[in-house]
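Novice:
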Amino acid sequence: MAEIVLGFGTSHGPLLATPPEQWDLRANVDRKNPELVFGAGTYDFQQLYELRKGDHFEKENAIEVRRERDARCQKELDELGRRIIAAKPDAMLIVGDDHHEWFMNDIQPAFSIFHGKQVFNRSLTEEEKRDAISQGNGYAIQIYYPPKDEIYPCPTDLAAHIVKGCVSDNFDITALGEQPSDKGALRQLGHSHGFVYRRILNSHPIPLIPVAVNTYYPPNQPSPRRCFEFGRAMARAIRSWPGKERVVVAGSGGVTHFVIDEAMDWRLLNAMKSGDYETLCNEPDIHFRSGTSEIKNWIVLAGMMSETGLKMDLLDYVPCYRSEAGTGSGMAFATWQ
Ligand SMILES: [Fe+2]
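In the numbering used here, each residue's number is its place in the sequence shown (first place is 1) plus 246.
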């Protein structure tokens, strides 16, 4: 049977490529955002500041603090790359969320698995680059997209087997046999997947099975419990494959952002570490909105890990604040070995 030899979780936000001196580019986007979500509430920037000013995030946002936190993140991203290569994987299954990359408003699958022959991570068009820069993400282009198109092979038979295994486990998976395109032009590989190849693996082309969960877009986001069970079903399918592949699996995204909620991050990371899956599955769904919803990719990962004997090693949790209202990105990096 195929073996899951390593699991890992990683944040993938744009701050990870942005010099700490320039984090205000993204803070300025926060200042204009009328829908900053925190817990069960939704606020504009001034309302959020009033709510949280007692926490004095201006101290957390000092340049020396930003630099120290950025250095911790870069160190652990490099460490993740070393651990993945050391695991000698034949295939890598990455669970991410789609931000209108492969899926648009016309169709948004709750769970999808790609089983085609190869995946293109193409370079951005000039228009796409301009869009990224206008969102304060100009520095981040390099950690998701290559300067020249890259191709990652897909272990198509194993991927199709995982689809079938999930279907027989009562998950009606959306199966992709080809990369979505518009009039022959390929849609861009999701940032959740591209980040792992571009930033963590320096474009090392480990065969990829891209999995997408709709964490972001109403009305069909799956619940935390459904995400956990989906992970269990995928792990069972991998282990029922008769081949001898060594498989690395990952959850990409999160943790809380664009408003950092350290209490929620620690609650869920501690639950993953201790195997307290009821706490994970019972976190109220309303807490998983905006970027914070990407923690569901980690919950799918936790479901996969619950089917193995692998233990979580939390490399670091780094709250990267970028404004006095407590906006920024909670960053977490972990492996299960
Ligand atoms: Fe993301």
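C-beta atoms are modelled at their ideal positions from N, C-alpha and C, and glycine is treated no differently.
Where are the alpha helix (DSSP H) runs, 4 residues long or more, that stay fully inside the stretch 353-384, in chain order?
Specialist: Whole alpha helix (DSSP H) segments, 4+ residues: 372-380.
Novice: Cα separation between residue 262 and residue 483?
Specialist: Numbered from its first residue, the sequence shown carries residue 262 at position 16. Numbered from its first residue, the sequence shown carries residue 483 at position 237. Their Cα atoms are separated by approximately 33 Å.
Novice: First and last residue of the alpha helix (DSSP H) that includes residue 547?
Specialist: Walking along the sequence shown from the start, residue 547 turns up at place 301. Residue 547 -> alpha helix (DSSP H) spans 541-552.
Novice: Determine the closest residue to residue 466 out of 476, 355, 533, with distance taken between C-alpha atoms.
Specialist: What you label residue 466 is simply residue 220 of the sequence shown in a count that begins at 1. When only C-alpha atoms are compared, the closest one is 355.
Novice: Which partner residues of residue 269 appear in the DSSP bridge assignment?
Specialist: Taking the first residue of the sequence shown as 1, we reach residue 269 at position 23. Residue 269 pairs with nothing; no bridge assigned.
Novice: Considering only residues of the same chain and omitting the five flanking positions on each side of residue 547, which have a CB-CB separation below 7 Å?
Specialist: In the sequence shown, the residue the question calls residue 547 occupies position 301. Contacts found: 253, 255, 341, 477, 495, 496, 497.
Novice: Across the stretch 345-365 and the stretch 417-436, are there enough close Cβ pairs to call them in contact, namely three or more that are closer than 8 Å?
Specialist: Flag = yes, the stretch 345-365 and the stretch 417-436 touch.
Novice: Under 8 Å by Cβ, that's how I've got residue 576 and residue 508 pegged, so tell me the actual separation to the nearest angstrom.
Specialist: If you number the sequence shown from 1, residue 576 lands on position 330. If you number the sequence shown from 1, residue 508 lands on position 262. Right, the Cβ-Cβ distance comes to about 7 Å (below 8 Å), so this counts as a contact.
Novice: Count the other CB atoms, across all protein chains shown, that sit within 10 Å of the CB of residue 383; report buried if there are 16 or more and exposed otherwise.
Specialist: On the sequence shown, residue 383 is found 137 positions in, with the first residue counted as 1. Residue 383 should be labelled buried.
Novice: Between residue 533 and ligand 1, is there a pair consisting of the residue's CB and a ligand heavy atom that are separated by less than 8 Å?
Specialist: As a position in the sequence shown, residue 533 is number 287, starting the count at 1. Not under cutoff, so the answer is no.
Novice: What is the rounded straight-line gap between the Cα of residue 493 and the Cα of residue 297?
Specialist: Locating residue 493 in the sequence shown gives position 247, where the first residue counts as 1. Locating residue 297 in the sequence shown gives position 51, where the first residue counts as 1. Whole-angstrom Cα-Cα distance: 45 Å.
Novice: Looking at C-beta atoms only, is the number of pairs between the stretch 442-462 and the stretch 357-367 that lie closer than 8 Å three or more?
Specialist: Result yes; three or more Cβ-Cβ pairs closer than 8 Å.
Novice: Taking just the CA atoms, how far does residue 505 sit from residue 275?
Specialist: Residue mapping note: residue 275 aligns to position 29 of the sequence shown, counting from 1. Residue mapping note: residue 505 aligns to position 259 of the sequence shown, counting from 1. Their Cα atoms are separated by approximately 12 Å.
Novice: Give a yes or no on whether 9 Å exceeds the smallest Cβ distance from residue 564 to chain C.
Specialist: In the structure shown, chain C cannot be found, because there is only a single protein chain.
Novice: With distance defined between alpha-carbon atoms, name the residue in 360, 349, 284 nearest to residue 339.
Specialist: Residue 339 sits at position 93 when you count from the first residue of the sequence shown. Cα-wise, what sits closest to residue 339 is 360.
Novice: Who sits around ligand 1, taking every residue whose Cβ is closer than 7 Å to one of its heavy atoms?
Specialist: Going along the chain, the residues that qualify are 258, 259, 343, 345, 437, 438, 499, 537, 540.
Novice: When we look at the beta-carbon of residue 531 and count the other beta-carbons within 10 Å, is it buried (16 or more) or exposed?
Specialist: If you number the sequence shown from 1, residue 531 lands on position 285. That one is exposed.
Novice: Rounded to the nearest angstrom, how far is the Cβ of residue 474 from that of residue 549, given a contact under 8 Å?
Specialist: As a first step, residue 474 is located in the sequence shown; it is residue number 228 there, counting from the start. As a first step, residue 549 is located in the sequence shown; it is residue number 303 there, counting from the start. Sure, about 4 Å apart at Cβ, within 8 Å.
Novice: For the alpha helix (DSSP H) that residue 512 lies in, which residues bound it at each end?
Specialist: For the purposes of this step, residue 512 is identified with residue 266 of the sequence shown, where counting begins at 1. Residue 512 -> alpha helix (DSSP H) spans 508-520.
Novice: If you compare alpha carbons, which of 368, 379, 299, 405 is closest to residue 486?
Specialist: Position 240 of the sequence shown holds residue 486. Looking at the Cα atoms, 405 is the closest of the given residues.
Novice: Rounded to whole angstroms, how far is the Cβ of residue 502 from the Cβ of residue 511, which I believe are closer than 8 Å?
Specialist: Walking along the sequence shown from the start, residue 502 turns up at place 256. Walking along the sequence shown from the start, residue 511 turns up at place 265. Sure, about 5 Å apart at Cβ, within 8 Å.
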